[in-house]
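Undergrad: Just dropping this structure here.
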Amino acid sequence: AAASLWCFTCEKQASNWTCLKFTKCAAADRHCLTIVRNTGLANTRIWTVNRQITKKCSPICPQMNINLGIASFTTACCQHSLCNVGGKPALK
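Using UniProt numbering, the first residue of the sequence shown is number 1, and each one after it goes up by one.
Set out below in structure tokens:
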């Protein structure tokens with residue numbers, strides 16, 4: 001059997017510092033995912049960007065790079081233990 005995969009996991013965190021917990025993935029999981037969602041809010045005269053980071057184990061690698069102007073989603077996958085440490089997916 002292949003060695004177990006470990007990935008960093010968190011759900012919709014604003015900071016990568018709160019995404020440093022790691023979990024042993026299920027046998028079917030082959031990828032560590034990092035999903036970064038950016039939403040821009042034009043309130044008053046200040047343009048602010050709200051960032052949410054989600055990290056998890058996954059059996060598949062969903063390639064999602066969507067830019068809707070005010071919102072964007074970027075997904076990065078990697079296949080070795082604890083490889084999804086960064087808070088910003090590497091550009092492909």
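Idealized CB from N, CA, C, for every residue including glycine.
Fair warning: this is a prediction, and the values are worked out from it, not measured in the lab.
1) Taking Cβ to Cβ, would you say Lys55 is nearer than 7 Å to Cys25?
2) List the DSSP bridge partners of His31.
3) Within 10 Å of its beta-carbon, does Gly87 have 16 or more other beta-carbons around it, so buried, or fewer, so exposed?
4) Short of 8 Å in beta carbon distance, which residues of its chain neighbour Gln13, apart from the five on each side in sequence? Order them along the chain.
5) Express the C-alpha separation of Met64 and Ala71 in angstroms, rounding to a whole number.
TA: Working from what's here:
1) Position 55 of the sequence shown holds residue 55. Position 25 of the sequence shown holds residue 25. Contact flag unset, no.
2) Sequence index remark: in the sequence shown, residue 31 carries index 31 (1-based). Answer by DSSP bridge pairing, in chain order: Ser58.
3) As a working note, residue 87 is residue 87 in the sequence shown. Gly87 comes out buried.
4) Within the sequence shown, the letter at position 13 stands for residue 13. Result list for Gln13: Cys19, Gln52, Ile53 and Thr54, in chain order.
5) Within the sequence shown, the letter at position 71 stands for residue 71. Within the sequence shown, the letter at position 64 stands for residue 64. Spanning the two alpha carbons is a distance of roughly 13 Å.
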